[in-house]
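Data first, discussion second: the structure below is written as structure tokens.
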Amino acid sequence: MATFTFRGLMAPVFTAFNKDWSVDVSEVPKYAKFLYDNGISAVLALGSTGEGPLLSVAERKAVTEAWVAAGKSTKQHVMVQVGGCALPDVLELAKHAEQIGADSLLCLPDLYFKPKTPQDLIDYLKNVAAAAPNTPLLYYHIPMWSAVDINMEQFLNLSVGQIPTFHGIKYTSNDLTEAYNALKAAGGRYAVFLGADTLVQPALALGFDSIIATSLNFMPRHHVKIAQFLKNNQVEEARKLQDEITATCKVIAKYGHWVPTMKVAMNYLTHLNVGLARAPLKNLNEADAKEMQSLVKQHYTAQ
């Protein structure tokens, strides 16, 4: 039986590329250690931040292998996003991730023949679960990008007993009402990872216990301290750090698509180099990158 006990902060890691746009996994061990040393005990590979849908099956396998190996060294939980491609490839990626020892799987819906009802989505995920019957599976709800906006409370209530390895969702939306309803769905049996950088503090205050947010990569201590402050009922201190995360993310997002801009921030605010984003994503020009870095410096305080 696939058990899933992880709760907490999980960084959706970037994928680096060489100058010829081939995948570069050389810094993965150093990347994993950086996150671990800053209090992050779990990573999500090949999500939106990791440009998973832009990689070939072979490339995604290589990235998965690098992160699983790094995670075994650091003792970090490694979740792998296997969706965003043709179903046969999704099943191959799920099977591969299980074979090499990934701790859990995350899966997007089909992005062309989109599920229309909660049961459609459950039936799709049954196929993925069957390909990796010993690995916990979670669903990736990101309606602004997938255009699949099935109500997650209804989906979770209906899913009970239908998918043996199913353990929850990554909820990437600013709709905290639906997120909270999903958290309480099915008697609260499922994990709900909130994926909204600007809502970490209010979400944790509401009772969420798990976060997947891009800013965890370059502002990990802010997130760790928010959780610690709230645990100690230091609400104002937690709010101040959330305001800093929010201000930083707003500045970054002004300069283009989420992934290319966040990669520039990662390269600027850490000692790591995750390079540029792959086409069709558009990278920042040098002037915009420098301007963004200057503005980020005004909001960011190292913790």
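Position one of the sequence shown corresponds to residue 2 (this note's numbering), numbered consecutively onward. Note that CB positions come from ideal geometry on N, CA and C, so glycine has one too.
Check	Outcome
Taking buried to mean at least 16 other C-beta atoms within 10 Å of its own C-beta, is V275 buried or exposed?	buried
By Cβ distance below 8 Å, which residues in the same chain neighbour I143 in space, the five residues on each side in sequence not counted?	S49, L109, K171, T173, S174, G196
Check this for me: beta carbons of V79 and D38, under 8 Å apart or not?	no
Please list the segments of the alpha helix (DSSP H) lying wholly inside the region 76 to 154, counting only runs of 4 or more residues, in order along the chain.	88 to 101, 119 to 132, 144 to 147
Return the CA-CA distance between M263 and L112, expressed in angstroms with no decimal places.	24 Å
Beta-carbon separation of Q202 and Q243 under 8 Å?	yes
Please name the residue, chosen from K255, L159, M145, G84, that lies closest to D121 on a Cα-to-Cα basis.	L159
Which same chain residues, not among the five before or five after L249, have their C-beta less than 8 Å away from its C-beta?	Note that residue 249 is Thr in the sequence shown, not Leu. Counting only Cβ-Cβ distances below 8 Å, and skipping sequence neighbours, we find S216, M220, A266, V297, H300, Y301.
Can you find at least 3 beta carbon pairs, one from the region 181 to 195 and one from the region 56 to 75, that sit closer than 8 Å?	no
Go ahead and pull the three-state DSSP assignment for H168.	strand
Quick check: Q82 and L56, are their CB atoms within less than 8 Å of each other?	no
Buried or exposed, going by whether 16 or more other CB atoms sit within 10 Å of the CB of L207?	exposed
Pick out whichever of E60, M11, L10, K115 has its Cα sitting closest to the Cα of V26.	E60
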